[in-house]
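Enquirer: I have a structure here, written as structure tokens, and I will follow up with some questions on it.
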Amino acid sequence: MNSIHLEKLTWDTVEDVLKLKVSKEQKEFVAPNRDSMIDAYFALTDEAIPVSTFGIYLGKKPVGFLMIGYDVPWAEQYYGLPRGYYYIWRFMIDKRYQGKGYGKAAL
Numbered sequence: 003m004n005s006i007h008l009e010k011l012t013w014d015t016v017e018d019v020l021k022l023k024v025s026k027e028q029k030e031f032v033a034p035n036r037d038s039m040i041d042a043y044f045a046l047t048d049e050a051i052p053v054s055t056f057g058i059y060l061g062k063k064p065v066g067f068l069m070i071g072y073d074v075p076w077a078e079q080y081y082g083l084p085r086g087y088y089y090i091w092r093f094m095i096d097k098r099y100q101g102k103g104y105g106k107a108a109l
């Protein structure tokens, strides 16, 4: 049976996750996954912020993307969030898989 699970992104899996998209109406609410990967790279290399990127999978099929940061200093400055916490930086389910409970299961 196929179940929703997270897999850490690798060189072999990132391209499939980069192809996932939200609907046109949702584009203003979440950055494209390619932009998220760029953000993760610079957070890790320039700011030493621990960031993890995951594909959300239904069996072997990627259906979404999740990016988590830890102790993000600018989140305190801009959003009033305390230090020393995990932060769901990005979360999306592809437009083809929305409304099926996959997002809820992934969280």
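Read in order, the letters of the sequence shown are residues 3 to 109 in this note's numbering. The beta-carbon is built from N, C-alpha and C at its ideal position, and this holds for glycine as well. Please read these numbers as outputs of a predicted model, since none were measured by experiment.
1. Give the secondary structure of residue 49 by DSSP, where H, G and I count as helix, E and B as strand, and everything else as coil.
2. Does the beta-carbon of residue 107 have 16 or more other beta-carbons within 10 angstroms, so that it is buried, or is it exposed?
3. Of all the options 99, 58, 45, which has the alpha carbon lying nearest to the alpha carbon of residue 10?
4. For a quick check, are the C-beta atoms of residue 72 and residue 53 less than 9 Å apart?
5. Starting from residue 89, trace the beta strand (DSSP E) in both directions and tell me its first and last residue.
6. Any heavy atom of the ligand SAH inside 8 Å of the beta-carbon of residue 8?
Expert: Taking the geometry as given:
1. coil
2. exposed
3. 58
4. yes
5. 88-95
6. The model on display carries no ligand, and the ligand SAH is accordingly not part of it.
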